[in-house]
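The next block holds one structure in the form of structure tokens; read it before the comments.
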Amino acid sequence: MLERKVEAMRKVAIVAAASRQETKMLDTEVEMMIPLISEVKDKTGLDQTDIGFTCSGSSDFLAGQAFSFVMTLDAVGPVPPISESHVEMDGAWALYEAWVKFQMGVIDTALVYSYGKPSPGSLQDVLSTQLDPYYVAPLWPDAHAVAGLQARSLLEQGVVTAELLADCALRTGTVDSREEYFSQPMLSDPLREADCPTYADGGVAVILASEEKAEELCEKPAWITGIDHRIDAHQFGVRDLTTVPSARIAAQKAGVHDGPIDVAELHAAYTTHDFLLRKEMGLPEIPTHSQRSYPIKADTLMASGLLRIAEAARGIWEGEANRSLAHATAGPLLQQNLVCVLSGERN
Amino acid sequence: MTEIHVPPLLDGVEPVQSVRTPIRMEYTFTPGVAAQTYLREFGNKKILGNVSPVDGAILVPPRGADPRHGVLCEEFVEMPHTGHVGSYCVTNVPIPGRELDLPYISAWIFLDGADVGFLNLVAECPPEECRIGMRVEAVWKPDEEIATTAENILYWKPSGGPDIPFEEAGVRSWHARKKGGSNA
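Following this line, the structure appears as structure tokens:
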């Protein structure tokens with residue numbers, strides 16, 4: 368049964384990507400996205416009228432403006448009218464929506480982009496507004512405080528040790544030594560600065576193509592062999608914060624374990640998240656392959672996940688990986704997880 | 526609907542019908558490259574437009590992009606302070622937060638040479654005399670109040686002179702001149 372279903376799936380590949388991240392950008396979202404969207408169109412030789420579906424991801428809470436994504440369509444050139452959609456989520460979910468359109472058989476190419484500019488506002492406040500509006504959000508806990516609650520849970524239950532977190536920070540370059548890690552003051556006890564993300568403005572654009580079209584547009588398409596997303600409960604009280612069932616299931620359904628993974632791009636903003644995700648997805652606790660998860664230089668809300676997919680595709684295009692994994696997360700404490708497996712081989 | 530059972534302790538207690546959880550968030554916006562250039566010059570009583578690199582269409586106010594084609598517009602051009610009414614609306618209800626004498630006229634103003642219009646007020650004109658194609662000119666705030674803000678122009682007033690013919694007024698002019706190629 369499962370076999371037949373997989374057979375029936377249409378093959379979709381990532382054929383081009385472009386991205387930009389900076390701590391504080393003075394460009395508007397439109398000025399930021401035009402060069403990126405133009406770059407992926409140039410790489411594939413596609414014009415907006417050739418693209419079957421356009422889907423984006425962004426947040427009005429970052430822009431401080433309702434329907435802000437509509438203005439960003441100025442960067443696309445939606446004249447004559449185009450088939451278009453938007454998710455108030457990371458662009459990885461916009462890519463999922465486009466992938467579903469491919470499965471419906473109604474498109475051969477898609478443009479997917481996402482962006483976030485946290486610099487005009489307070490990202491910690493923005494992130495508070497995604498919490499349960501009755502019992503949690505009115506207390507305004509910031510993202511680091513909530514992450515601290517989870518980290519405490521992990522440490523007290525012995526699921527992770529401070530030494531493991533120090534090694535993760537060391538591996539990803541936020542500190543140069545264990546000593547440096549332990550000499551840092553607590554930022555959100557038990558988390559130190561080296562455990563927590565920094566933030567940046569940024570955007571990413573990718574082009575997807577069907578099996579009929581991909582090889583015309585790209586020398587070595589990065590084929591999506593599996594993609595799945597799952598959601599844990601929103602209410603912290605009903606979650607065991609030391610596990611992430613949604614990431615585990617998404618990894619299984621995306622077929623992470625069907626073969627070796629050469630590159631893993633995890634959207635792990637905190638050292639604790641890197642550790643939890645590796646555990647839930649069955650990846651080695653200490654990565655044996657290219658470790659390009661946190662720090663993602665910096666986290667860009669709404670773009671980091673799609674950026675992970677773009678980077679995993681780059682691994683395939685550049686011959687660094689034959690099979691790569693990309694992960695995206697959204698919501699508080701890894702509540703929603705999307706896993707995408709890419710391969711240099713079509714079948 | 527599911528029946529909700531509450532502890533006897535809460536019998537007869539007035540149910541909570543609503544919860545107030547006020548949210549306030551502050552932002553410090555940067556206007557971006559194009560709007561910044563525009564506002565700086567607007568503070569010198571100059572109106573800038575963007576020139577489309579695709580077909581030369583002039584877009585006012587400049588947003589740094591030709592949205593029809595998704596391309597950056599990096600060229601600016603100084604515009605005259607005269608234009609015409611492309612379309613208008615007479616409003617008889619007040620806007621919260623703005624003190625305007627009723628009725629007031631909001632109009633799409635097309636500057637001479639511009640290919641798109643922008644929303645602004647028309648005054649010194651009885652509503653029954655306002656019409657599509659009517660020529661208007663800017664009425665600026667006193668010089669000492671001019672700043673880098675969209676509020677520099679108080680309103681537009683009739684400037685006299687022959688009307689722009691209806692079929693060439695507003696965006697119709699664009700179509701009439703076949704500007705913007707097949708995408709316009």
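Line by line, the protein sequences are chains A and B. Each residue of the first sequence is one higher than the one before, counting from 368 in my numbering. Each residue of the second sequence is one higher than the one before, counting from 526 in my numbering. The beta carbon of each residue, even a glycine, is placed where N, CA and C say it ideally should be.
Rounded to a whole number of angstroms, what is the C-alpha to C-alpha distance between residue 697 of chain B and residue 643 of chain B? Here residue 697 of chain B is taken as the residue at index 172 of the second sequence, counted from 1. Here residue 643 of chain B is taken as the residue at index 118 of the second sequence, counted from 1. Whole-angstrom Cα-Cα distance: 15 angstroms.
Do residue 592 of chain B and residue 445 of chain A have their beta-carbon atoms positioned less than 9 angstroms apart in this structure? Along the first sequence, read from residue 1 onward, the residue named residue 445 of chain A stands at position 78. Along the second sequence, read from residue 1 onward, the residue named residue 592 of chain B stands at position 67. When the beta-carbon positions are compared, residue 445 of chain A and residue 592 of chain B come within less than 9 angstroms of each other.
Across the region 645-654 of chain A and the region 436-450 of chain A, are there enough close Cβ pairs to call them in contact, namely three or more that are closer than 8 angstroms? The region 645-654 of chain A, when compared against the region 436-450 of chain A, does not touch it at the 8 angstroms Cβ threshold.
Tell me which same chain residues have a C-beta within less than 7 angstroms of the C-beta of residue 694 of chain B, skipping the five on either side of it? Along the second sequence, one-based indexing puts residue 694 of chain B at 169. In the same chain as residue 694 of chain B, and ignoring 5 residues on each side of it, the C-beta atoms closer than 7 angstroms to its own belong to 609, 611, 657, 658, in chain order.
Applying a beta-carbon distance threshold of less than 9 angstroms, which residues of chain A neighbour residue 622 of chain B? Looking up residue 622 of chain B in the second sequence gives position 97. Here the premise fails: no neighbours, minimum Cβ distance about 17 angstroms.
Taking the straight line between their C-alpha atoms, what separation do you get for residue 517 of chain A and residue 608 of chain A? Translated into positions along the first sequence, residue 517 of chain A becomes position 150. Translated into positions along the first sequence, residue 608 of chain A becomes position 241. Residue 608 of chain A has its alpha-carbon roughly 6 angstroms from the corresponding atom of residue 517 of chain A.
When burial is assigned at 16 or more other CB atoms within 10 Å of the CB, is residue 681 of chain B buried or exposed? As a position in the second sequence, residue 681 of chain B is number 156, starting the count at 1. Answer is buried; the Cβ neighbour count reaches 16.
Should residue 415 of chain A be flagged as near chain B, meaning a C-beta pair shorter than 9 angstroms? Mapped onto the first sequence, residue 415 of chain A falls at position 48. Yes, residue 415 of chain A lies at the interface with chain B (some Cβ there is under 9 angstroms from its Cβ).
So if I threshold CB-CB distances at 7 angstroms, which residues from the region 494-512 of chain A count as touching chain B? Going along the region 494-512 of chain A in chain order, one finds 496, 500, 501, 504, 505 with a Cβ nearer than 7 angstroms to chain B.
Residue 633 of chain B classed as buried or exposed, judged by whether at least 16 other C-beta atoms fall within 10 angstroms: Looking up residue 633 of chain B in the second sequence gives position 108. By the 16-neighbour rule on beta-carbons within 10 angstroms, residue 633 of chain B is buried.
Which runs of the beta strand (DSSP E), 3 residues or longer, sit entirely within the region 462-543 of chain A? As summarised for the region 462-543 of chain A, the continuous beta strand (DSSP E) elements at least 3 residues long and confined to that stretch are 476-483, given in chain order.
Proximity of residue 618 of chain A and residue 649 of chain A at Cβ, strictly below 9 angstroms: Indexing the first sequence from 1 puts residue 618 of chain A at position 251. Indexing the first sequence from 1 puts residue 649 of chain A at position 282. Taking a C-beta distance under 9 angstroms as the contact criterion, residue 618 of chain A and residue 649 of chain A qualify as a contact pair.
Spatially closest choice to residue 550 of chain B from A:388, A:429, A:386, by CA coordinates: Working through the second sequence from its first residue, we reach residue 550 of chain B at position 25. Ranking the options by Cα distance to residue 550 of chain B, first place goes to A:429.
I'd like to know whether the C-beta of residue 639 of chain B is nearer than 9 angstroms to at least one C-beta of chain A. Counted from its first residue, the second sequence places residue 639 of chain B at position 114. With 9 angstroms as the cut-off, residue 639 of chain B does not count as an interface residue toward chain A.
Under 9 angstroms between beta-carbons, which chain B residues line up against residue 401 of chain A? List them in chain order, please. In the first sequence, the residue the question calls residue 401 of chain A occupies position 34. The answer, in chain order, is 589, 590, 595, 596, 597.
Limits of the alpha helix (DSSP H) - the one that residue 444 of chain A falls within: Indexing the first sequence from 1 puts residue 444 of chain A at position 77. Per DSSP, residue 444 of chain A is not a residue of any alpha helix (DSSP H), being assigned neither H nor E.
Mind checking residue 387 of chain A: buried by the 16 CB within 10 Å criterion, or exposed? Indexing the first sequence from 1 puts residue 387 of chain A at position 20. Answer is buried; the Cβ neighbour count reaches 16.
If I measure Cβ to Cβ from residue 456 of chain A and keep anything under 6 angstroms in the same chain, skipping five residues before and after, which residues do I get? As a position in the first sequence, residue 456 of chain A is number 89, starting the count at 1. The residues 424, 697, in chain order, have a CB closer than 6 angstroms to that of residue 456 of chain A in the same chain once the five nearest residues on each side in sequence are set aside.
Expressed to the nearest angstrom, what Euclidean distance is found between the alpha-carbon atoms of residue 691 of chain B and residue 648 of chain B? Stepping through the second sequence from its first residue, residue 691 of chain B is reached at position 166. Stepping through the second sequence from its first residue, residue 648 of chain B is reached at position 123. The alpha-carbon atoms of residue 691 of chain B and residue 648 of chain B are separated by roughly 21 angstroms.
In angstroms, rounded to a whole number, what distance separates the CA positions of residue 709 of chain A and residue 616 of chain A? One-based indexing of the first sequence puts residue 709 of chain A at position 342. One-based indexing of the first sequence puts residue 616 of chain A at position 249. Taken atom to atom, the span from the alpha-carbon of residue 709 of chain A to that of residue 616 of chain A is near 17 angstroms.
Would residue 428 of chain A count as contacting chain B if we go by Cβ distances under 9 angstroms? As a first step, residue 428 of chain A is located in the first sequence; it is residue number 61 there, counting from the start. At least one chain B Cβ lies under 9 angstroms of residue 428 of chain A.
Using a C-beta to C-beta distance shorter than 7 angstroms, which residues of chain A count as neighbours of residue 553 of chain B? In the second sequence, residue 553 of chain B corresponds to position 28, counting from 1. Simply 487.
State buried or exposed for residue 596 of chain B, treating a residue as buried only when at least 16 other CB atoms are found within 10 Å of its CB. Along the second sequence, read from residue 1 onward, the residue named residue 596 of chain B stands at position 71. Taking all protein chains in view, the Cβ of residue 596 of chain B is crowded by 16 or more other Cβ atoms within 10 Å, so the residue is classified as buried.
By the criterion of Cβ-Cβ separation under 9 angstroms, what are the contact partners of residue 390 of chain A in chain B? As a first step, residue 390 of chain A must be located in the first sequence, where it is residue number 23. Ordered by position in chain B, no residue passes the 9 angstroms Cβ test against residue 390 of chain A, which lies about 13 angstroms from the chain.
Would a C-beta distance cut-off of 9 angstroms place residue 479 of chain A and residue 461 of chain A closer than the cut-off? As a first step, residue 479 of chain A must be located in the first sequence, where it is residue number 112. As a first step, residue 461 of chain A must be located in the first sequence, where it is residue number 94. Taking 9 angstroms as the Cβ cut-off, residue 479 of chain A and residue 461 of chain A qualify as a contacting pair.
Quick check: residue 458 of chain A and residue 481 of chain A, are their CB atoms within less than 9 angstroms of each other? Start at 1 with the first residue of the first sequence, and residue 458 of chain A comes out as number 91. Start at 1 with the first residue of the first sequence, and residue 481 of chain A comes out as number 114. Cβ atoms of residue 458 of chain A and residue 481 of chain A: closer than 9 angstroms.
Opening and closing residue of the alpha helix (DSSP H) in which residue 640 of chain A lies: Counted from its first residue, the first sequence places residue 640 of chain A at position 273. Start and end: 638-647.
In this structure, how does DSSP classify residue 683 of chain B when only helix, strand and coil are distinguished? Translated into positions along the second sequence, residue 683 of chain B becomes position 158. It is a strand residue.
Within the region 544-631 of chain A, ranges of the alpha helix (DSSP H) (whole runs, at least 4 residues): Runs of alpha helix (DSSP H) with 4 or more residues, each lying fully within the region 544-631 of chain A, are found at 545-550, 581-584, 612-620, listed in chain order.
Taking the alpha-carbon positions, what's the residue 630 of chain B to residue 545 of chain B distance? Position 105 of the second sequence, counting from 1, holds the residue named residue 630 of chain B. Position 20 of the second sequence, counting from 1, holds the residue named residue 545 of chain B. So the two alpha carbons sit approximately 38 angstroms from each other.
DSSP state of residue 377 of chain A, grouped into three classes? On the first sequence, residue 377 of chain A is found 10 positions in, with the first residue counted as 1. Correct three-state label for residue 377 of chain A: coil.
Leaving out the 5 sequence neighbours to the left and right, which residues in its chain are closer than 8 angstroms to residue 567 of chain B when beta-carbon positions are compared? On the second sequence, residue 567 of chain B is found 42 positions in, with the first residue counted as 1. Only 573, 673, 674, 675, 677 meet the Cβ criterion.
Range of the contiguous beta strand (DSSP E) that encloses residue 703 of chain A: What you label residue 703 of chain A is simply residue 336 of the first sequence in a count that begins at 1. Residue 703 of chain A -> beta strand (DSSP E) spans 703-710.
Is residue 590 of chain A near residue 410 of chain A, with beta carbons less than 9 angstroms apart? Taking the first residue of the first sequence as 1, we reach residue 590 of chain A at position 223. Taking the first residue of the first sequence as 1, we reach residue 410 of chain A at position 43. No, Cβ-Cβ distance for residue 590 of chain A and residue 410 of chain A is not below 9 angstroms.
With a threshold of 8 angstroms on Cβ separation, who are the neighbours of residue 684 of chain B within its own chain once the five nearest residues in sequence on each side are excluded? Counting from one through the second sequence, the residue named residue 684 of chain B turns up at place 159. So the list reads 607, 660, 661, 662, once near-sequence residues are dropped.
Anything in chain B within Cβ reach of residue 442 of chain A, meaning under 7 angstroms, just list it in chain order. Numbered from its first residue, the first sequence carries residue 442 of chain A at position 75. Within 7 angstroms Cβ-Cβ: 590, 595.
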